[in-house]
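Heads up, the thing below is written out as structure tokens.
There are 2 protein chains.
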Amino acid sequence: IVDRKVVEVITPGTTVDEDYLDKGNPNYLCALASGAKGLSFAYIDLSTGEFRATSFPFDGAAERIRQELERLQAKEMLVQESLLEEYPAVAAAVSERPSLVINRWADWLFDPQRSREGLEKQFGTASLKGFGFEDHDTEILAAGALLDYLDGTARSLLPHVRTLIRYGEEEFVGIDESSQRNLELIRNLRDGDVRFSLLETMDETKTAMGRRLLKQRLLHPLRDLALIARRLDMVETFYRDQGRLSALRDLLAKTPDLQRLCSRLAMDKAHGKDMVAVKNSLLSFEAVETLTGDLSLAFENTAGSLLDAGASGKLSSIRDLLEKGLCDDPSILLSEGNLIRDGYNRTLDDLKTLRDNGRGLLEQYLEEERAATGISTLKIRYNRLIGYFFEVTKMHLSKVPSHFIRRQGVAGGERYTTDRLASLESEINGASDKIVELEKNLFLELREAAKALIPELTAAAARLSELDVAQSLARAATVRLWVRPGVDGENRTAITEGRHPVVEAHLPRGEFIPNDVLLDGGGISFALITGPNMAGKSTYLRQAALITIMAQCGSFVPAKEAHIGLTDRIYCRVGASDNLARGESTFLVEMNETAHILHTATSRSLVIMDEVGRGTGTSDGLSIAWAVSEELLETIGCRTLFATHYHELSLISHPRMANRSMEVLERNGEIVFLRRLIEGAAAESYGLHVASLAGIPDPVLRRAQRIMDRLREKEQSLHEELFLQEKTAPQNPSAAVVPEELERILE
Amino acid sequence: IVDRKVVEVITPGTTVDEDYLDKGNPNYLCALASGAKGLSFAYIDLSTGEFRATSFPFDGAAERIRQELERLQAKEMLVQESLLEEYPAVAAAVSERPSLVINRWADWLFDPQRSREGLEKQFGTASLKGFGFEDHDTEILAAGALLDYLDGTARSLLPHVRTLIRYGEEEFVGIDESSQRNLELIRNLRDGDVRFSLLETMDETKTAMGRRLLKQRLLHPLRDLALIARRLDMVETFYRDQGRLSALRDLLAKTPDLQRLCSRLAMDKAHGKDMVAVKNSLLSFEAVETLTGDLSLAFENTAGSLLDAGASGKLSSIRDLLEKGLCDDPSILLSEGNLIRDGYNRTLDDLKTLRDNGRGLLEQYLEEERAATGISTLKIRYNRLIGYFFEVTKMHLSKVPSHFIRRQGVAGGERYTTDRLASLESEINGASDKIVELEKNLFLELREAAKALIPELTAAAARLSELDVAQSLARAATVRLWVRPGVDGENRTAITEGRHPVVEAHLPRGEFIPNDVLLDGGGISFALITGPNMAGKSTYLRQAALITIMAQCGSFVPAKEAHIGLTDRIYCRVGASDNLARGESTFLVEMNETAHILHTATSRSLVIMDEVGRGTGTSDGLSIAWAVSEELLETIGCRTLFATHYHELSLISHPRMANRSMEVLERNGEIVFLRRLIEGAAAESYGLHVASLAGIPDPVLRRAQRIMDRLREKEQSLHEELFLQEKTAPQNPSAAVVPEELERILE
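Line by line, the protein sequences are chains A and B. Note that the first sequence covers residues 100 to 846 in this note's numbering. Note that the second sequence covers residues 100 to 846 in this note's numbering.
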């Protein structure tokens with residue numbers, strides 16, 4: 100019976116072998132637990148050591164979890180068992196993601212005390228106060244459970260996981276799951292690929308770590324003006340210095356994935372080629388530091404601050420050591436030798452000489468014995484049975500000296516060994532084994548030396564990642580003619596000649612028709628957009644959201660000029676596709692998403708709505724769209740783009756609402772969509788016009804026209820009367836009075 | 100230089116090898132030419148010999164061609180070159196089909212005179228009058244060009260192509276291309292596969308030829324009451340005699356594809372296994388004739404009438420000949436022997452004896468010479484240089500007789516031949532060659548004998564195909580609980596408890612909710628169906644069209660009882676998918692299809708419309724839907740099912756219109772779709788109800804309710820006034836008065 104030990108359990112979230120990893124994607128493992136005051140959620144990327152935790156109330160938890168999982172694209176999640184039973188909505192949100200592996204863990208494995216102690220041990224601290232946590236904070240629960248789980252599976256001490264960062268919803272712009280999908284931030288809606296996504300358009304990174312950071316930033320737009328400005332500054336620095344940008348890109352193109360290498364170092368998995376990659380990373384890093392040293396770049400990652408002169412010195416010396424110690428193209432196995440460079444270690448060099456010169460040493464000894472014995476035909480030969488031996492023909496047997504030990508008789512003579520021959524044989528055979536052993540030990544020494552510098556290496560990786568993202572955005576801005584947006588605290592979005600970054604990138608240059616966006620929380624906050632299908636409404640709506648997200652990520656934006664007042668949440672309710680995975684009807688999904696917006700949007704949100712109320716009858720659909728519009732206009736007061744087929748809504752007359760439409764021309768009997776936003780509502784007669792082009796018989800058209808004339812004539816007065824009459828009296832006495840009205844009252 | 104001759108050109112439409120063919124699908128080759136009075140269109144299925152031609156006016160030609168190509172699923176089309184340039188609409192219709200290979204032929208290749216002569220030569224007739232064609236009929240042009248083309252490519256005389264059948268639009272129910280697709284007759288809309296199509300549900304055929312005929316019938320529902328009744332009679336015969344049905348199915352399951360075999364016979368391509376298949380087909384055919392001989396079955400195919408007693412006798416004797424002549428598992432090559440059964444031909448049997456007994460004959464002769472010469476050690480041996488020889492050892496050389504001819508001396512003796520030995524050798528060696536040659540000739544004689552009976556074989560194949568389709572429909576009716584519909588000449592559709600055949604087949608038994616359809620050209624001809632998405636409207640609309648098509652194909656239908664008044668055209672405008680292949684906007688496509696219906700529907704048509712006017716604004720969409728409804732109700736007067744979200748239309752009050760809706764219940768805070776059609780319009784408040792369930796805030800809901808109440812209150816009076824006011828005066832004085840009104844006036 101062989102004694103088996105589980106050395107390593109590979110689960111989707113704990114993989115660090117490159118083969119298993121999509122290099123551009125972080126590989127998150129999450130945990131979800133139920134604390135006293137709310138849900139505890141934590142995630143870790145084993146390969147980079149990123150480790151974050153948050154907490155949120157039970158109320159609305161399902162949507163928040165959907166949002167986190169969509170943002171993280173997590174592959175594996177640890178879940179407290181009873182939680183799935185107690186909160187069916189949470190269980191549903193979790194089970195919706197087919198690519199997520201769920202590990203149910205018994206409740207007793209989630210223990211605040213145990214979690215805290217585990218974390219303290221990991222970080223080597225007496226408490227977690229240094230990381231901003233109190234002993235009983237809810238976040239600790241899930242974070243500790245994650246560490247526990249890793250101890251059991253990855254069985255490594257994870258020294259590169261050195262800090263737990265608390266994050267909250269208020270740090271990032273809230274983008275719910277369906278809005279993320281609708282906006283095609285990191286994958287397109289059609290086939291889920293990165294092609295035709297915003298990420299693809301922005302991605303000019305040169306390293307896998309840069310690509311991961313870019314993706315992460317895209318899924319986490321910021322709400323911190325200073326941080327956004329710092330990111331934009333860095334982009335602008337490279338944007339304005341194209342020579343340096345180009346040099347930086349060349350250097351980064353040769354830079355290995357130092358983040359993942361740190362992780363392999365930490366887990367004692369780095370092999371020879373990994374260590375060469377560490378060395379090359381450091382060479383790149385030094386070159387990058389030299390290239391950018393005179394720029395005043397403000398790095399974001401706290402690890403960056405570790406990189407003082409002392410740290411740089413340490414990195415230089417380890418790079419030096421690796422250069423001297425590692426051979427150029429080392430083996431990936433430790434058991435084969437071929438790891439250490441010649442000249443690094445005297446003993447090793449001697450052993451190698453012995454191994455390589457074995458033949459020569461034997462020749463030399465043979466000559467000696469020939470001279471001593473006078474047997475000119477003396478030969479050294481080898482067979483598997485007795486190893487090296489002297490062969491003496493019958494004729495010369497009388498000359499055999501006494502130190503020759505007879506081993507074998509053969510037809511033509513006798514075979515002998517000597518003490519010296521035996522010792523030479525054992526030296527030659529033993530040298531290879533010794534070389535392998537010694538190379539392994541020397542390699543492990545080098546690796547340990549590098550492992551001791553993981554904090555510094557991680558910091559260098561963080562810097563390289565940030566530089567890669569900055570140069571990527573500078574490059575994309577250069578290639579795609581993007582400009583630096585002004586991001587400020589005003590409740591206002593003003594985009595001049597904005598373009599849809601993805602659509603534009605897939606059209607021949609100059610073909611995309613730019614359009615302005617002007618939404619002002621204090622002025623016109625709500626644009627109602629009417630017009631036919633195919634005219635470009637959806638593109639226009641999305642581009643407003645995408646430009647906002649890009650700006651708050653710290654990227655330049657596709658526009659002639661853009662002023663983006665910080666948004667706290669961005670919603671994008673577009674189209675009416677059935678959500679078959681959840682088994683809900685189109686209209687119910689539409690209403691669910693609308694309710695979510697009405698419940699969570701604030702005056703600082705950006706709301707994009709396309710065709711609300713389309714899935715039901717006209718009167719009720721129109722009534723709902725109308726009431727929702729009023730709610731957004733009056734109660735919430737957020738910046739809103741609202742596209743609709745209900746032209747009746749354009750009759751709503753409100754000081755904060757503007758009518759817009761997409762220009763349509765008829766030319767030579769064809770409908771031409773100019774894709775240009777114009778002031779005013781679309782002509783309702785467009786439908787009849789198309790019908791006429793399509794060949795609907797004239798009498799039918801005339802009748803339709805007559806019906807429409809009557810409808811509109813009556814409806815106009817009806818709607819005007821209805822709206823004016825209602826507007827005078829506040830309709831929602833209990834609802835919060837909108838700030839602008841409040842101000843007017845206080846004046 | 101090798102003299103190469105093109106023996107056969109394989110193009111998609113001229114393939115007859117099974118490897119290239121999807122066995123269940125006909126393999127049509129079409130031709131399209133421009134005649135003096137209109138377009139000439141012909142098609143041929145080389146494997147079955149089906150050959151048909153039609154003509155149609157230039158006006159509306161594109162849609163008609165779309166329809167033909169969709170119906171035929173043709174793989175290759177020959178097109179007159181100038182036609183594509185002169186009629187861009189036709190060119191567009193042709194180029195839309197990605198799987199269709201277009202062969203442009205120069206105009207001079209389309210010559211009426213040449214076409215006529217080619218056809219006369221093919222059929223061996225002095226004129227085409229016997230087929231119902233005058234010398235200058237437009238149809239002849241394309242049909243002749245097809246023959247010309249086949250002469251150049253398949254290079255066969257195509258004796259199985261024995262008749263050209265003229266067909267016209269009036270024979271079959273007109274189903275335009277998009278309606279065919281929307282109804283998923285032979286392929287589903289999702290992935291274009293046969294799964295989830297009507298064909299799949301009806302297909303219980305046992306032979307490939309039956310499957311082809313079923314598919315063809317499904318794409319060509321009839322407008323001839325007598326023919327429909329004959330088909331239904333045949334189905335009913337087997338439906339009522341399940342024992343015989345089961346026996347017939349067992350026989351057909353063993354029946355090869357005689358149609359394709361006839362084609363291979365005609366093209367001199369039938370190999371040994373094909374001929375065995377012909378024999379087995381005839382055995383099956385005889386057994387089927389015996390099984391069904393006492394039934395009075397009226398076959399449809401004119402070839403069937405050829406099958407008198409004399410013809411049956413001929414088939415029996417060829418079957419007998421093949422049984423006697425062909426070996427059980429013949430080779431598929433003619434050059435290998437192994438084709439003819441032992442005992443069929445004396446010479447062949449002798450040759451085979453010779454070949455098989457060669458060794459024995461040599462042994463026998465050796466014994467003779469041993470006895471004669473007294474050389475007991477005499478041997479016959481063989482080498483490649485001198486063939487068979489006697490070997491005599493030195494010891495016995497004196498005994499060698501004079502007829503031994505010395506050929507070679509060897510170490511131990513001499514080698515001799517004799518005249519007899521030489522002749523035996525040549526007989527033995529020649530026998531194999533002769534066997535192959537003779538077997539080939541005998542086989543070709545058998546094949547020619549069978550080829551001479553192609554008319555009879557084709558007739559037998561036609562009978563087997565019709566029987567297979569009849570049993571398939573009887574079987575489907577049995578398994579799926581379908582009933583025989585009453586098909587008559589009334590302008591009325593009355594289906595009691597109808598079911599959607601495809602949806603029902605994919606649900607557990609008994610789960611499908613049946614619904615009635617009652618449309619009466621003289622009474623209620625127009626049903627307006629309101630209600631939410633997901634409630635089953637689309638299924639209901641389609642099932643009415645599918646049951647009608649099934650009935651007019653001569654199939655039983657999924658209903659408790661069904662009376663189907665013959666329809667001349669069936670339209671199905673469902674959903675609003677973008678037609679990207681044609682580059683048109685959703686709404687334009689919708690209007691094009693609607694215009695097509697208004698221009699071509701008659702009082703005897705069945706029109707299914709789902710959500711007309713959905714792709715544009717509400718006022719114009721409603722106006723168009725309204726005017727279209729009126730046109731269908733008043734001017735065309737056809738049977739119509741009209742589903743809409745415009746609940747306003749339910750206010751139209753017309754003696755021939757009925758309001759229907761799909762029942763919806765709220766149960767435990769959930770919306771339940773009962774999928775049951777009920778009288779009256781749907782409640783407009785459904786949308787608000789769902790909005791409330793979805794969590795739209797109460798104040799917004801209350802406001803929406805208030806807006807809707809006002810809207811409806813005002814609109815109701817508006818619509819009533821509008822409709823009543825208009826109705827009194829005939830709105831289209833120039834339009835044809837609907838027959839029912841005419842009758843009423845005449846009374």
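Cβ atoms here follow ideal geometry from the backbone N, Cα and C, with glycine treated the same way.
Contact with chain B by residue i, beta-carbon distance below 8 Å
{"i": "PHE625(A)", "result": "no"}
{"i": "PHE140(A)", "result": "no"}
{"i": "GLY392(A)", "result": "no"}
{"i": "ASP719(A)", "result": "yes"}
{"i": "LEU56(A)", "result": "There is simply no residue 56(A) to check, as chain A begins at 100 and stops at 846 in what is shown."}
Where residue i sits in the DSSP three-state scheme
{"i": "MET366(B)", "result": "coil"}
{"i": "SER141(B)", "result": "Here residue 141(B) turns out to be Ala, not Ser, going by the sequence shown. It is a strand residue."}
{"i": "TYR248(B)", "result": "helix"}
{"i": "ASN758(B)", "result": "strand"}
{"i": "LYS478(B)", "result": "strand"}
{"i": "VAL272(B)", "result": "coil"}
{"i": "HIS744(B)", "result": "coil"}
{"i": "LEU128(B)", "result": "strand"}
{"i": "GLY512(B)", "result": "strand"}
{"i": "SER214(B)", "result": "helix"}
Residue i at chain A interface by Cβ criterion, 8 Å
{"i": "ILE777(B)", "result": "no"}
{"i": "SER637(B)", "result": "no"}
{"i": "MET494(B)", "result": "no"}
{"i": "HIS753(B)", "result": "no"}
{"i": "THR693(B)", "result": "yes"}
{"i": "MET690(B)", "result": "yes"}
Selected residue, minimal CA-CA separation from residue i, among the options
{"i": "GLY267(A)", "options": "GLN166(A), LEU566(A), VAL387(A) and ALA793(A)", "result": "GLN166(A)"}
{"i": "ARG310(B)", "options": "SER345(B), LEU326(B), ALA346(B) and LEU357(B)", "result": "LEU357(B)"}
{"i": "ILE285(A)", "options": "SER277(A), PHE155(A) and GLU299(A)", "result": "GLU299(A)"}
{"i": "ALA661(A)", "options": "ALA593(A), GLN507(A) and ARG805(A)", "result": "ALA593(A)"}
{"i": "LEU168(B)", "options": "ASP518(B), GLU547(B) and ALA190(B)", "result": "ALA190(B)"}
{"i": "ILE274(B)", "options": "LEU645(B), ARG505(B), PRO657(B) and ILE723(B)", "result": "LEU645(B)"}
{"i": "LEU465(B)", "options": "LEU748(B), TYR515(B), THR446(B) and SER434(B)", "result": "TYR515(B)"}
{"i": "ILE143(A)", "options": "ASP234(A), LEU360(A), SER214(A) and ALA242(A)", "result": "ALA242(A)"}
{"i": "ARG330(B)", "options": "LEU240(B), MET649(B), PHE232(B) and ARG713(B)", "result": "MET649(B)"}
Range of the contiguous alpha helix (DSSP H) that encloses residue i
{"i": "PHE209(B)", "result": "No alpha helix (DSSP H) contains PHE209(B), which DSSP labels as neither H nor E."}
{"i": "ILE594(B)", "result": "No alpha helix (DSSP H) contains ILE594(B), which is instead part of the beta strand (DSSP E) from 591-597."}
{"i": "HIS259(A)", "result": "Element bounds for HIS259(A): n/a, residue is neither H nor E."}
{"i": "LEU566(A)", "result": "553-579"}
Range of the contiguous beta strand (DSSP E) that encloses residue i
{"i": "GLY716(A)", "result": "GLY716(A) -> no beta strand (DSSP E), and no H or E assigned at all."}
Q. Are three or more beta carbon pairs between the stretch 144-153 of chain A and the stretch 259-269 of chain A nearer than 8 Å?
A. yes
Q: Decide yes or no for the touch test of the stretch 731-738 of chain B against the stretch 613-622 of chain B: beta carbon pairs closer than 8 Å, at least 3 of them.
A: yes
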